[in-house]
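Residue numbers (the working numbering), protein chains in the order written: chain A, 886 to 1071; chain B, 886 to 1071.
Glycine included, C-beta positions come from ideal geometry on N, C-alpha and C.
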């Protein structure tokens, strides 16, 4: 089984770091096969940022995503560019503080930016809110693994804020667990 | 033209971050097409860490390296595992504080760990010494681009040490510029 997960947003939201932390959580702390990749340059347009994380039971040949099982969008532009690659039964998670995904009914909407700013008082940690939500909604990675992985990748003085963001995301994600998540992840 | 560059070493040397900084330097600050990727999990063995950076004039389909134009090895194990993938006319750069590459004559040897520890007084910044050396030896990326990219990816309080490491690497690399670098990069 191969699960293709794409995180996308705008520059400065910590998308790439979130991809690495997700990949290391599943690969190093849960022993799964994981590949993680991103593009830069003219082909990666303008201010948009995206990273692909592929998790599999078997060694991974091609580390980029082609048909997404999970798409997490933290900006309108990133959503507009990437939504077309989501599988029909794929899981869509958006930052509803920023993204208006249109008329799709099966969208998992979470006000990530507001949670980071108001609940955690750390706007910079919106990426960790997103990771917590991914773990809570999909169960594709454990909260504990994300914590361990995160601690290895962030500056020590940001630990408390990032941990609070991760846990806040996990709790709100878990509250919606199951909604359109079963099809593509089982 | 497609240039495949692999950085490898052991966990904790900052290999992944170095790959991202190299990729962003070429992709964002020099407008080249760049893909950057890494694997985690059982397939990525033990304590070794590696990241692939592919730089091209055209959009990149496959973001991992198959036949290396440039291999930079910061641990013996990583060297042993990856040396076989270097092209015949490829460029090999090793941390001679740690790696004994055997009888190859055309090796660019730099005591990276010693430079980071003794010259810069910052052992943690051996990855930036390596990046500086890559820029100095190959010219595949500009020092200025690496600086800009690095500043976007490291904590502010580590700026001075990392900048000193980058420049120290660049100077020592430039001193050896040209040695076995022309074939694969032109």
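- Please check if any C-beta of chain A sits within less than 9 angstroms of the C-beta of residue 970/B. Translated into the one-based positions of the second chain, residue 970/B becomes position 85. Judged by the 9 angstroms Cβ criterion, residue 970/B is not in contact with chain A.
- C-beta neighbour in chain B for residue 924/A, strict 9 angstroms: Counting from one through the first chain, the residue named residue 924/A turns up at place 39. So yes, residue 924/A belongs to the interface.
- Is DSSP giving residue 913/A helix, strand or coil here? What you label residue 913/A is simply residue 28 of the first chain in a count that begins at 1. Residue 913/A falls in the coil class under three-state DSSP.
- Leaving out the 5 sequence neighbours to the left and right, which residues in its chain are closer than 8 angstroms to residue 951/A when beta-carbon positions are compared? Position 66 of the first chain, counted from the first residue, corresponds to residue 951/A. Only 889 and 970 meet the Cβ criterion.
- Item | alpha helix (DSSP H) runs wholly inside the region 898-969 of chain A, at least 4 long, in chain order | 900-912 and 961-967
- Query: Taking the DSSP output, what are the residues bridged to residue 978/A?
  - Reply: Within the first chain, numbered from 1, the residue matching residue 978/A stands at position 93. The partner list for residue 978/A (beta bridge, DSSP) reads 957/A and 993/A.
- Report yes if the CB atom of residue 953/B is closer than 9 angstroms to the CB atom of residue 1011/B, and no otherwise. Counted from its first residue, the second chain places residue 953/B at position 68. Counted from its first residue, the second chain places residue 1011/B at position 126. No; because the gap between Cβ atoms is not below 9 angstroms, this pair is not in contact.
- Message: Within 8 angstroms, do at least three Cβ pairs link the region 989-1008 of chain A to the region 913-931 of chain A?
- Response: no
- Taking 8 angstroms as the threshold, find out whether the region 1050-1059 of chain B comes into contact with the region 990-1008 of chain B through three or more Cβ pairs. yes
- Message: To test your reading of the DSSP string, which unbroken beta strand (DSSP E) runs of 3 or more residues are found completely within the region 986-1064 of chain A?
- Response: 992-995
- Query: Along chain A, in chain order, which residues have C-beta atoms closer than 8 angstroms to that of residue 919/B?
  - Reply: Position 34 of the second chain, counting from 1, holds the residue named residue 919/B. Here the neighbours are 924, 925 and 926.
- Item | Outcome for residue 916/B when other beta-carbon atoms lying within 10 angstroms are tallied against a minimum of 16 | The residue you call residue 916/B lines up with position 31 of the second chain. Label assigned to residue 916/B: exposed.
- Message: Can you confirm whether residue 909/B, when its beta carbon is compared against all beta carbons of chain A, has any partner nearer than 9 angstroms?
- Response: Here residue 909/B corresponds to residue number 24 of the second chain, with the count starting at 1. Closer than 9 angstroms to some Cβ of chain A, the Cβ of residue 909/B qualifies, so yes.
- Mind listing which residues of the region 890-914 of chain B have their C-beta closer than 7 angstroms to chain A's C-betas, in chain order? 901, 905, 908, 909, 912 and 913
- Query: If you draw a straight line from the alpha carbon of residue 967/B to that of residue 907/B, how long is it in whole angstroms?
  - Reply: Position 82 of the second chain, counting from 1, holds the residue named residue 967/B. Position 22 of the second chain, counting from 1, holds the residue named residue 907/B. Using only the alpha carbons, I get a separation of about 19 angstroms.
- Message: Taking the alpha-carbon of residue 1047/A as reference, which of 932/A, 1018/A and 1009/A has the nearest alpha-carbon?
- Response: Start at 1 with the first residue of the first chain, and residue 1047/A comes out as number 162. Closest option to residue 1047/A, Cα to Cα, is 1009/A.
- Message: Check for me: the beta strand (DSSP E) holding residue 894/B runs from which residue to which?
- Response: Position 9 of the second chain, counted from the start, is the residue given in the question as residue 894/B. Per DSSP, residue 894/B belongs to the beta strand (DSSP E) from 887-895.
- How about residue 929/A: is its C-beta nearer than 9 angstroms to some C-beta of chain B? Taking the first chain and counting its residues from 1, one reaches residue 929/A at position 44. Yes, residue 929/A lies at the interface with chain B (some Cβ there is under 9 angstroms from its Cβ).
- Do we get a CB-CB distance below 9 angstroms when we pair residue 987/A with the residues of chain B? On the first chain, position 102 is the one that residue 987/A refers to. For residue 987/A, the answer is no, since every Cβ of chain B falls outside 9 angstroms of its Cβ.
- Item | Beta-carbon proximity list for residue 945/B, same chain, < 6 angstroms, skipping 5 on both sides | Position 60 of the second chain, counted from the start, is the residue given in the question as residue 945/B. Within the same chain, residue 945/B has close Cβ partners 918, 920 and 939.
- Message: Measuring alpha carbon to alpha carbon, tell me which residue in 1032/B, 961/B, 1034/B and 912/B is nearest residue 935/B.
- Response: Position 50 of the second chain holds residue 935/B. Of the candidates 1032/B, 961/B, 1034/B and 912/B, the one whose C-alpha sits nearest the C-alpha of residue 935/B is 961/B.
- Quick one, which of 943/B, 911/B, 1059/B and 903/B has its alpha-carbon nearest residue 887/B's? Locating residue 887/B in the second chain gives position 2, where the first residue counts as 1. Here the closest residue by C-alpha is 943/B.
- Query: Does any residue of chain B bring its CB to less than 9 angstroms from the CB of residue 949/A?
  - Reply: Here residue 949/A is taken as the residue at index 64 of the first chain, counted from 1. True, the Cβ-Cβ gap to chain B drops below 9 angstroms.
- Message: So residue 830/B contacts chain A; which residues on that side make the cut at Cβ distance below 7 angstroms?
- Response: With chain B covering only 886 through 1071, there is no way to say anything about residue 830/B.
- Can you give the Cα-Cα distance for residue 984/A and residue 1057/B, rounded to whole angstroms? Here residue 984/A refers to the residue found at position 99 of the first chain. Here residue 1057/B refers to the residue found at position 172 of the second chain. Roughly 48 angstroms between the two C-alpha positions.
- Query: Less than 9 angstroms separating the beta-carbons of residue 994/B and residue 1005/B?
  - Reply: The residue you call residue 994/B lines up with position 109 of the second chain. The residue you call residue 1005/B lines up with position 120 of the second chain. No, these two residues do not count as a Cβ contact at 9 angstroms.
- Message: Suppose you measure from the CA of residue 896/A to the CA of residue 1014/A; what does that come to, to the nearest Å?
- Response: Numbered from its first residue, the first chain carries residue 896/A at position 11. Numbered from its first residue, the first chain carries residue 1014/A at position 129. In a straight line, the C-alpha of residue 896/A is about 16 angstroms away from that of residue 1014/A.
- Query: Residues of chain B with CB under 9 angstroms from residue 945/A, in chain order?
  - Reply: For this step, residue 945/A is matched to residue 60 along the first chain. Those are 924, 926 and 928, listed as they occur along chain B.
- When the distance is taken between beta carbons, is residue 996/A closer than 9 angstroms to residue 982/A? Locating residue 982/A in the first chain gives position 97, counting from the first residue. Locating residue 996/A in the first chain gives position 111, counting from the first residue. Going by C-beta atoms, residue 982/A is nearer than 9 angstroms to residue 996/A.
- Ordered along the chain, which non-local residues of its own chain (more than five positions away) have a Cβ less than 6 angstroms from that of residue 930/A? Residue mapping note: residue 930/A aligns to position 45 of the first chain, counting from 1. Correct list: empty, nothing qualifies.
- Could you check which residue in 1034/B, 1045/B and 1039/B has the C-alpha nearest to that of residue 912/B? Translated into the one-based positions of the second chain, residue 912/B becomes position 27. Among 1034/B, 1045/B and 1039/B, the Cα nearest to that of residue 912/B is on 1034/B.
- Query: If you drop the 5 nearest sequence neighbours on each side, which residues of the same chain put their C-beta closer than 8 angstroms to that of residue 1032/A?
  - Reply: In the first chain, the residue the question calls residue 1032/A occupies position 147. So the qualifying residues of the chain are 1048 and 1051.
- Task: Answer yes or no: does any C-beta atom of chain B fall closer than 9 angstroms to that of residue 1008/A?
- Result: Taking the first chain and counting its residues from 1, the one referred to as residue 1008/A is at position 123. Not one chain B Cβ lies under 9 angstroms of residue 1008/A.
- Would you say residue 963/B faces chain A, with C-beta separation under 9 angstroms as the test? Here the question's residue 963/B lines up with position 78 in the second chain. No, residue 963/B does not count as interfacial toward chain A.
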